[in-house]
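Here is the structure we will look at, set down as structure tokens.
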């Protein structure tokens, strides 16, 4: 792994795990502990992380805020969802991927694939999937939000119009019998455009999102091809998903059958 790619990967791992030891990072990256210590020193000098004795965490400026809180909520479930979702895609596939804590985990898993084209407004997702050099990656530019590491606004929407990938992989604020919704207007506008321009929509949502209401409507259930979640939906929602023809996939289920 190239030096720059390894250091980017260290930051991605800290975003997922909040804090890690030198030993853990060395094992994850198949590098010596001395190499990791040098990486941490350089990254700390650039304020990309904060060192402590024997390890590192994210700097306070990144560790604060609502998005950082979401990054560490239901973390095990999000990782399981990410692994299950990444297995759905094959070389030659093209994907929109929106910004979210679950899609960041998904991008880390998808990075192990090759020849998967990703179009995203998330800096972290673009870094994750492109680090091997095997996945064509397009980072959409616009108004930058530092906390979430995302670009939003009219410039992003204009650029989305130039792509027509097969898949859109989205996180949501809530999913109910009427469809999916989000809490942020700018992010909702991007998700709606991704939905409109993709052939198939895959939603990644842990169980806390199921049955939750959010302000900005994205689309009805009939527009969703697949839902990847960590627990079976409650009966009323499961029935609505089945009627809409949505495939519900769980981490323990390696099949892609629709709900009966």
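Residue numbers (our numbering): 23 to 282. Where a beta carbon is used, it is the ideal one built from N, C-alpha and C, also for glycine. These numbers come from a predicted model, not from an experiment.
If you draw a straight line from the Cα of residue 191 to the Cα of residue 76, it comes to about 37 angstroms. In the displayed model, residue 205 falls within coil according to three-state DSSP, outside both helix and strand. Ranked by Cα distance from residue 133, the options 118, 149 and 142 are led by 149.
For residue 74, the enclosing beta strand (DSSP E) stretches over residues 72-74.
Taking all protein chains in view, the Cβ of residue 34 is crowded by 16 or more other Cβ atoms within 10 Å, so the residue is classified as buried. Comparing alpha-carbon positions, the option among 145, 203, 198 and 213 lying closest to residue 183 turns out to be 213. Burial state of residue 25 is exposed, judged by a 10 Å Cβ sphere holding fewer than 16 other Cβ atoms. Note that the C-beta distance between residue 269 and residue 240 is not below 9 angstroms. 9 angstroms or more divides the Cβ of residue 62 from the Cβ of residue 52.
Beta-bridge pairing by DSSP links residue 191 to 119 and 224. By the criterion of a C-beta distance shorter than 6 angstroms, residue 234 is surrounded in its chain by 196, once the five residues flanking it on both sides are discounted.
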